[in-house]
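One gets the working numbering by counting positions in the sequence shown from 1 and adding 28 to each.
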Amino acid sequence: MPLQSREWCSENRSGIFGPSMNALRKAFTDAGQEVPDHMRMRLHTGKVEL
Numbered sequence: 029m030p031l032q033s034r035e036w037c038s039e040n041r042s043g044i045f046g047p048s049m050n051a052l053r054k055a056f057t058d059a060g061q062e063v064p065d066h067m068r069m070r071l072h073t074g075k076v077e078l
């Protein structure tokens with residue numbers, strides 16, 4: 029069961045997290061600010077870099 033859950037999450041990642049990432053991007057642009065570079069990378073790739 030955990031493997032199936034992980035696969036489902038992986039396959040549906042953009043549908044799960046996409047709307048919130050788009051909302052963050054819109055919030056920055058609506059405020060007249062550039063999206064920070066680290067945020068831009070995360071929006072495009074979904075990767076978190078520390």
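A virtual CB, placed ideally from N, CA and C, is assigned to each residue, including glycine.
Residue i versus residue j: straight-line alpha-carbon distance, rounded
i: GLU77; j: ARG34; result: With a pLDDT of only 48 at GLU77, under 50, the local geometry of the prediction cannot be trusted, and the value read off the model is given with reservation. In a straight line, the C-alpha of GLU77 is about 21 Å away from that of ARG34.
i: PRO30; j: VAL63; result: 35 Å
i: GLY46; j: ALA55; result: 14 Å
i: ASP82; j: SER48; result: This structure gives no information on residue 82, because the portion of the chain shown stretches from 29 to 78.
DSSP three-state assignment for residue i, whether helix, strand or coil
i: ASN40; result: coil
i: GLN32; result: helix
i: PRO64; result: coil
i: ALA51; result: helix
Burial state of residue i, where buried means 16 or more other Cβ atoms lie within 10 Å
i: ARG41; result: exposed
i: GLY60; result: exposed
Chain-order list of residues whose beta-carbon lies under 8 Å from that of residue i (same chain, five-residue window excluded)
i: ILE44; result: CYS37
Neighbourhood of residue i by C-beta distance below 6 Å, restricted to the same chain and skipping five residues each side
i: ALA51; result: none
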